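Chains as they are written, first to last, in our numbering: chain B, 1 to 367; chain S, 368 to 734; chain P, 735 to 1101; chain A, 1102 to 1468. In this text, a Cβ means the ideal position worked out from N, Cα and C, and glycines have one as well. If you're wondering where the values come from, they're calculated on a predicted model, not measured in any experiment. Let me begin by presenting the structure, written as C-alpha cells, before commenting on it.
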C-alpha cells in the first residue's frame, strides 16, 4: 500500500520525477461516460508551471496519453490508464541527495525507508510532479460529477498572510467555484492576488519561499454521501487531500475555529427553503455525522512553503556522519500554492465521486 | 464501507447507543502479545463519563468482555472481539428525532441516507458512545506499541480559548506524554485546567457547550513508517482521527501556521545528536514525505462543541415540512473534549501500529 | 487479513471453538431490510449437529444474539453484529495438540505460524464451528436476495462415490433449489441419500470418515454481476467457498470436464426464449468473462473427509522431535458433508449479494 | 473493483486488446530487488503465440517498457509500471460483436453490463491478451521468490484426455518445476506432448478447439504462509488463478478426488525427515487450515477449449431480437492451454509473494 486509493473506484498512481513516465490507472469507472480530453488538458494545464514569477520555468507538456479505458472517447468499463512521458528530465548528478538530505524534503526518510534504493533524481516518487496523475484521475471525476450537477472548485485562500475573499459557505454557487478555473492566478479577489504575487516575488528575491492556504468547495451534492466513522466525508477527503505532498492540515467548515466556539454558535439551525431543508449557517462545512447534508461542502488545506530554497541550509552528511551545509541549485517554485489549487480540486473530486458510487451501491429501501 | 479500517490490521466497529451492545473486532493482531485487561480498563475509564461538571452523569460501566482472540490473556492469532453491553439504556421515546433533527447532529443526514430506517435512540451508530470500541482497539495497540518503545499520549490543548502548555515538539518525552494519563482532567498546566473547567461550568450554566483542541504526540517511532501519497502518516492518522464524531480539523507539526511561514523558517535543519540524525525544529511534526523521520510525531485535532444543548433551537419538522423549534431534554456533556483525549490517543495508536506492521511486510534489502 | 471479506459489504468473522463466543460483523448492509430471525435460526439449524449417524452429538444451540445493526427487526444502516455463546465447551486438556499435531488438521501449521500461541482447544479459530458465523452472514444475504428474486440452494452431490441426481444446469428452478432446505439429509434423490447414510455408518463403524461433493445453484440472477479478471464471479465465489475449512476444490459449470471437451461441445449456443436470451446448454455455469449471463449459476465444491478419525495414526512429537502415534478421542462427525451444505449456500449468498451491491455502484449509462 | 488485486502488494491491470496499450502497476514491491528484464522477457515469451500448430500466428512482440519503479534496474520502492504497446492491431470492423455475441465469450455479458459501451475490438478487456500484464507482475514476483529459494513451475497436465506425467506431490523438486520453462511445448512427458499436439492439429483441422488441465507446483515454501478462512492459500490462489479468463475449476492436492476418499486415506501422516516435519503423502497439496505446511504446494486448473472456433454456431442478433447463425473469421489458437501455463505460474507467484509479505507483517513473538 502506498500510492493506491482503493474504494468503489481504485486509483493507482505511478512514476518518478525522472523515470520514463508517470501516470495513473483508474479502475471501476462506469461505462458510458464521455471524457473530454481537451477539457482534461486544460485542467492539467492549471497545475503546469507557468510564466509567473512563482513557478519554475521547466516546461512540462504534461500531455497524457490514454492507453486504455476509452472506446471512441467514452469510458468502456475497462480500467482507464493514462501516462505522461517525462521528456524534460535533466541528466545531472543527483547522488548527492543520498548523502546530504534536503531539509523539509523526503530525502532523509526515503533513504532510510528504502535502504538507499530509492530513486533520488528530482525527488523520485516524492516529487510534486506526481500530482499530475492525481489531477488526471481527479479531472476525469470532475467531468463526470459536473454532468450530475456537482461542481468542485478551489482558490488560494491566502499566501504569506495575505488573504483572499472566502467562499460564502452558505450561498456559494457553482459559478463562484468555477471563477478561478480560468485565472492564471486563482484568487477571487484579484487585488489580493496582486499582493500575493508581490509577496512571492519578494520571497524569491530573498532566496526564500512561501506557504499558503487553499479553500475548496463542492456544490450540488445530494444529501447522504459518506458513511459513519471511518468512511465519513471528512475521512475520505482528508485521505485524498493529504496525498498532495505539501499539505500539513485539513479542516472542514468552521474547522479549527470550532475549538473556540460555543454550541449555540456552531450549531447550524435547520430551516425550509421551499421544499429543501437547509441550514442558516454552515459551520459543519456541509457534513454532519460524516454524511453530506446538502449544503456546500467546504474545506481548507494548509500548504507548506516550498522546502527547496536557494539559501545555504544546515543538514548532515549521512556517509560521513557529520553536520554539514547544503546549497540547493536549480530553480524551484518559490510558492507552489497556485499550482496546488487544481490538485486540491482533483483530490476532492475523487473523494466525492467515490462516495457517490459507494452510496449507489448501498441504497436503502424507502420507508 | 463505513465503520471498518482495513489495513495490515482490520478494525470493524459495531453497535448503536441503545442496541444490546457495542464492540469491535480486530483482525490481524500478531500472536503472542499479552494484553493487560486492567490496563485496558483503566484506559477506557479515561473516556468514561466522570464526576466532573463537564460530563454526563450516565454511568457507563464500559467493561468490555473479550469474546475471542486471546488464549490465557495472550493474543492467539485469531481475531480479537470485544463487546460492551449497553445496560444503562433508557426506554424513552426517541421517535421525535426522526421528525425534528437536532442541529449539529447526524439526525437529518441519517434520516435521508437510511430512508428513515436508522436507529435514532441515543444517536444510534452516530453516538459518541461508539468511540468506546475505538478505544478498545486503540488501547490494545497502545500496549503493544509500548512494548516496542513507542508511546502515544495526548492532552487538552485548549478549551474555549484557554490554552494548555503545548508539547515541546522537539524534546517531548514518553514521560511527558504519559503525564495526562492519570489525570482526571487531562492538561499539562493544571492552572489552565482549572480555568477550562470554570469555562465549561459557565457554559453549562448558560445552557451551552464548548469546543476545544487536543494535541497528540508519539515518541519512540522508528524512521520509515508510512508510505508515499495515499498512505502517508498524515493520511493514515487523519482517516482514524476523523472517526471521532466531533473532529472537524487535523493538522500536523506547525499545521495551519505553515500557511504564513517562509521556507527558511519552516524547514527543519538536520543535525547529528551523537549517532542519530535529528532536526533542530520540528515543524514537520515528525513526518517528511508521509514517512516518519524519527522526531516526535505531533498533531492537533479540533473538536466541535457538543451539539446537544438545552437551549431552544431552530429546526424543521420533516413530517410536516415546516420550520419549528426544538428543545433537547436530558443531560449532556457541556464539553466532550476531556473525554475525547483518550479517543485521539486510540486513533493515533491504531494508525501507528498498522503502519508499523505494514512496514515490516515491505522490508527492503539493505544496500 | 485473515477472516475478513472486504467488498461492498465487509464480513468480519471471529471466535474460537472454546472461547467465550463466536460471531460476525457485517458492515455495509443497506438499511430497510427486514431480517426474519426465525428463518435465520432455521437456516443455522441446518448446519447444527443432528441426530443422524453422521454427526457429532454435541448439542450446539447456535442461537445467535444480534447485538447491533437492527432496529425493530429491520437493518438500520449500522453494522450488524451477531454472537453465539460457546456453552457446551469441555474443559479437557488440549495441550497435547501443541505437541502431537493431528494429521489433516491445522494443528501443525498453526503451531508454527503462531509460535505456539494459538488457541488449540477444539481447534481454536480453525474449528468447523467457525462456519456458524459464516452462515449467519450468508443467511442474512440469502433473505435479502430472496426478496430480489434470487434463490440460492445446494445439495449433497455425492458421498463416498454414491451420487445424487445433479441439478439440471439449464432448467433448474428456485423450487428445485429449495427442495433440500427442509430435508434432514439434503439430497435430491432420497434413495441415494439412504445409501450415502449407510456408507457413512459403515465408515464410522470402521473408525473412518468420508468426503463428498456439494453442488450449489443460484437462480434469478440478473445479467451483469461480477467483473473482469480479479473480481469475476468465479474469483469471488471461490474466495468465499474456500473459507469453509474442508473444501479442496471448486469448479463452475462443466468444471474440470472442460479439460476433455472440444469448443464445439463446450460453447453454449445462444437463443431467444421469448424476449430473453438464454443458452441451450450451460457448461459455463452461468458465467461468461466472469460475469453472470442470466442462466443459473452452478458450481461444485469438493469436501475432504473429516480428518478426525478414531484410528491410531502416525504423527510426530514436536517437543521431542520424534515420530509417534496419535489416537484421537472424543466423537466426531464421520462425514461433515451434510452440515457443509448450508455453509456452501452461505458462502455463495455472500458472494452474490456483494457482487449485486457492487454492480449497483458502477451503473453505466444506457447507450 | 475488477482488475485489481489489493493485498500486501496491489496489482492493477489495464488495457484492451486493441487499445493503444496494455500493462500493469505493481505497488508495494520492496526496494532493493534487482529485476532481470531479459529473464522477464523470456518468461513473457512463453505465453506469446508461437510457431506451433496450436497458436495464432499474430506475432506479439510483448516487450514491456518499464515506465517506473526501477532505478538502475533495481526496485526503488515506488510503484512499478509496465506497458506493452498494441502494435499488431487490425482495423477490421468489430461492430458485429455488439449484435451477435460469440458463444463462450464475454460479448453478451459485457454488452449488457456495460450498456453497449464496452470495447469490442478483439475482445477488449476480456481478451486473453490481458494475461500478458498478469505475467509481467507474476514474472517479477517469481524472480524475487527464486532469490528466497521458492520455485514456481507448471506444466500441461492434460489436453483432450491425453495426460502428462503428474508431479510427484511429495518429492517434486525445484528442478522438476523448472523442466518445462525451456520447452516449446511445456509437458514433462514429451511423447505425451506429441500426442497432445496431434490432437490439437486434429481439432484444428475439424474447425474445433480443445481444453486441458494445468498442474502447478511451488517448492521451498516456509511453513506458515496464508491465513484462516478468507485468506487461506487456497482462497488467495484461487482468486488469482481465476483471473485467467478460460479457467473453470481449481483444485488443491488430491482435489476433487477427496470426495471419494476416506479420512484414513486422505490424511497425510507426519514424520520427521531429519529435523524437518514432513508428510508421507501430500493429499493436502501443502496446505492445512489455509496455511502452508512446508510440503510442495500443488494445484490444478481446468482450462476450457478456446471458444473461438471456425464452425458455424448458433447465436442471436441482439438488435433484431432473433436467433441467427454466427461464423467467426480470423485465426485463433485451437488450444490455449500451452500458452496458459506461464499465466498459471504468474498467478501462483503473485499469490505466494503477497502471502509472504503479509506473513512478514504479522510476525508473532516466539514462545
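Checklist entry - What distance in whole Å lies between the Cβ atoms of residue 1123 of chain A and residue 1185 of chain A, which are believed to be in contact at a cut-off of 8 Å? => result On the fourth chain, position 84 is the one that residue 1185 of chain A refers to. On the fourth chain, position 22 is the one that residue 1123 of chain A refers to. That pair is a contact at about 5 Å.
Checklist entry - For residue 226 of chain B, does the three-state DSSP call read helix, strand or coil? => result Within the first chain, numbered from 1, the residue matching residue 226 of chain B stands at position 226. Three-state DSSP puts residue 226 of chain B in coil, outside helix and strand.
Next on the checklist: Count Cβ pairs between the region 341-349 of chain B and the region 761-769 of chain P that sit closer than 8 Å; are there 3 or more?
Outcome noted: no
Item to check | N-terminal and C-terminal residue of the alpha helix (DSSP H) that residue 216 of chain B is part of | outcome: Against the first chain, residue 216 of chain B aligns to sequence position 216. Looking at the DSSP string, residue 216 of chain B is not in any alpha helix (DSSP H); the run it does join, the beta strand (DSSP E), is 212-219.
Checklist entry - Using 8 Å as the threshold, is the region 1312-1329 of chain A in touch with the region 1395-1412 of chain A, meaning 3 or more CB pairs across them? => result yes
Checklist entry - Taking DSSP as the reference, what is the three-state secondary structure of residue 432 of chain S? => result One-based indexing of the second chain puts residue 432 of chain S at position 65. Strand at residue 432 of chain S.
Next on the checklist: Contact criterion: CB-CB distance below 8 Å. Does residue 1461 of chain A meet it with respect to chain S?
Outcome noted: Locating residue 1461 of chain A in the fourth chain gives position 360, where the first residue counts as 1. Judged by the 8 Å Cβ criterion, residue 1461 of chain A is in contact with chain S.
Item to check | Cα-Cα separation, residue 1052 of chain P to residue 829 of chain P | outcome: One-based indexing of the third chain puts residue 1052 of chain P at position 318. One-based indexing of the third chain puts residue 829 of chain P at position 95. Between residue 1052 of chain P and residue 829 of chain P, the C-alpha separation is close to 12 Å.
Checklist entry - Which bits of chain B does residue 602 of chain S rub up against, with CB to CB less than 9 Å? => result On the second chain, residue 602 of chain S is found 235 positions in, with the first residue counted as 1. Within 9 Å Cβ-Cβ: 238, 239, 240, 241, 242 and 243.
Item to check | Contact set for residue 690 of chain S: own chain, Cβ-Cβ below 6 Å, skip 5 residues either direction | outcome: Mapped onto the second chain, residue 690 of chain S falls at position 323. Closer than 6 Å at the Cβ level, and outside the excluded window around residue 690 of chain S, lie 683.
Item to check | Bridge-paired residues (DSSP) for residue 1460 of chain A | outcome: Numbered from 1 along the fourth chain, position 359 holds the residue referred to as residue 1460 of chain A. In the DSSP output, where bridge partners are listed per residue, residue 1460 of chain A has none listed.
Next on the checklist: In the DSSP output, what is residue 408 of chain S paired with across the bridge?
Outcome noted: Within the second chain, residue 408 of chain S is the residue found at index 41, counting from 1. Note: residue 408 of chain S sits in no beta bridge, so no partner.
Checklist entry - Out of curiosity, what's the CA-to-CA distance linking residue 1206 of chain A and residue 853 of chain P? => result Numbered from 1 along the fourth chain, position 105 holds the residue referred to as residue 1206 of chain A. Numbered from 1 along the third chain, position 119 holds the residue referred to as residue 853 of chain P. Using only the alpha carbons, I get a separation of about 48 Å.
Checklist entry - Considering only C-alpha positions, which residue in the set A:1390, A:1286, A:1305 and A:1243 is nearest to residue 1138 of chain A? => result In the fourth chain, residue 1138 of chain A corresponds to position 37, counting from 1. Out of A:1390, A:1286, A:1305 and A:1243, A:1243 has the C-alpha closest to the C-alpha of residue 1138 of chain A.
Checklist entry - Under the rule that 16 or more other beta-carbon atoms within 10 Å means buried, what is residue 449 of chain S, buried or exposed? => result In the second chain, the residue the question calls residue 449 of chain S occupies position 82. Flag for residue 449 of chain S reads buried.
Next on the checklist: Once DSSP output is grouped into helix, strand and coil, what is the label at residue 120 of chain B?
Outcome noted: Working through the first chain from its first residue, we reach residue 120 of chain B at position 120. Here residue 120 of chain B sits in coil by DSSP.
Next on the checklist: Can you find the residues in the same chain that come closer than 7 Å, C-beta to C-beta, to residue 355 of chain B, ignoring five residues on each side of it along the sequence?
Outcome noted: Position 355 of the first chain, counting from 1, holds the residue named residue 355 of chain B. Contacts found: 225, 226, 233 and 236.
Checklist entry - So is residue 641 of chain S buried or exposed if we call it buried at 16+ other beta carbons inside 10 Å? => result Taking the second chain and counting its residues from 1, the one referred to as residue 641 of chain S is at position 274. Residue 641 of chain S is exposed by the Cβ-count criterion.
Next on the checklist: Looking at the secondary structure, which residues open and close the beta strand (DSSP E) in which residue 1418 of chain A lies?
Outcome noted: Mapped onto the fourth chain, residue 1418 of chain A falls at position 317. Residue 1418 of chain A -> beta strand (DSSP E) spans 1413-1418.
Next on the checklist: Quick check on residue 76 of chain B - is its C-beta less than 8 Å from some C-beta in chain A?
Outcome noted: Translated into the one-based positions of the first chain, residue 76 of chain B becomes position 76. Closer than 8 Å: yes.
Item to check | Touching by the beta-carbon criterion (3+ pairs, under 8 Å), the region 307-314 of chain B and the region 626-641 of chain S | outcome: yes
Item to check | Nearest neighbour of residue 676 of chain S, chosen from S:567, S:496, S:657 and S:434 [CA to CA] | outcome: As a working mapping, residue 676 of chain S is identified with position 309 in the second chain. Nearest option by C-alpha distance: S:567.
Checklist entry - When the distance is taken between beta carbons, is residue 1214 of chain A closer than 8 Å to residue 987 of chain P? => result Along the third chain, one-based indexing puts residue 987 of chain P at 253. Along the fourth chain, one-based indexing puts residue 1214 of chain A at 113. Contact: no.
Item to check | Residues of its chain near residue 1310 of chain A, where Cβ-Cβ distance is below 7 Å and the 5 sequence neighbours each way are ignored | outcome: Here residue 1310 of chain A is taken as the residue at index 209 of the fourth chain, counted from 1. Cβ within range, chain order: 1304, 1406, 1407, 1410, 1435 and 1436.
Next on the checklist: Taking the beta strand (DSSP E) that residue 151 of chain B belongs to, which residues open and close that run?
Outcome noted: Counting from one through the first chain, the residue named residue 151 of chain B turns up at place 151. Residue 151 of chain B -> beta strand (DSSP E) spans 151-159.
Checklist entry - By a C-beta neighbour count over all protein chains shown, 10 Å radius and 16 as the cutoff for buried, is residue 1109 of chain A buried or exposed? => result Locating residue 1109 of chain A in the fourth chain gives position 8, where the first residue counts as 1. With 16 or more other Cβ atoms within 10 Å, it is buried.
Item to check | Short Cβ contact (8 Å threshold) for residue 810 of chain P with residue 801 of chain P | outcome: As a working mapping, residue 810 of chain P is identified with position 76 in the third chain. As a working mapping, residue 801 of chain P is identified with position 67 in the third chain. Contact: no.
Next on the checklist: Against chain B, with Cβ distances strictly below 8 Å, would residue 1159 of chain A count as a contact?
Outcome noted: For this step, residue 1159 of chain A is matched to residue 58 along the fourth chain. Its pLDDT being 49, under 50, residue 1159 of chain A is placed unreliably by the model, and the measurement read from it follows with that caveat. Output row for residue 1159 of chain A: interface = no.
Item to check | Min CB distance residue 353 of chain B to chain A below 8 Å | outcome: Indexing the first chain from 1 puts residue 353 of chain B at position 353. Output row for residue 353 of chain B: interface = no.
Next on the checklist: So, with DSSP's three-state summary, where would you put residue 1193 of chain A?
Outcome noted: Working through the fourth chain from its first residue, we reach residue 1193 of chain A at position 92. Residue 1193 of chain A falls in the coil class under three-state DSSP.
Checklist entry - Does residue 1269 of chain A get closer than 8 Å to chain P when you measure Cβ to Cβ? => result The residue given as residue 1269 of chain A occupies position 168 in the fourth chain. So, not an interface residue.
Next on the checklist: Using only CA atoms, which one of S:500, S:467 and S:476 lies nearest to residue 407 of chain S?
Outcome noted: Here residue 407 of chain S corresponds to residue number 40 of the second chain, with the count starting at 1. Taking only the C-alpha atoms, the option nearest residue 407 of chain S is S:500.
Checklist entry - When Cβ atoms are compared, which residues of the region 114-144 of chain B fall closer than 7 Å to chain A? => result 114, 115, 117, 118, 119, 124 and 125
Checklist entry - Leaving out five residues before and five after residue 1104 of chain A in sequence, what residues of the same chain have Cβ atoms less than 6 Å from its Cβ? => result Here residue 1104 of chain A refers to the residue found at position 3 when the fourth chain is read from its first residue. Here the set comprises 1114.
Checklist entry - Is the CB of residue 434 of chain S under 8 Å away from at least one CB in chain P? => result Counted from its first residue, the second chain places residue 434 of chain S at position 67. By this cut-off, residue 434 of chain S is an interface position.
Checklist entry - Quick one, are the C-beta atoms of residue 955 of chain P and residue 884 of chain P less than 8 Å apart? => result As a position in the third chain, residue 955 of chain P is number 221, starting the count at 1. As a position in the third chain, residue 884 of chain P is number 150, starting the count at 1. In this structure, residue 884 of chain P lies closer than 8 Å to residue 955 of chain P by Cβ.
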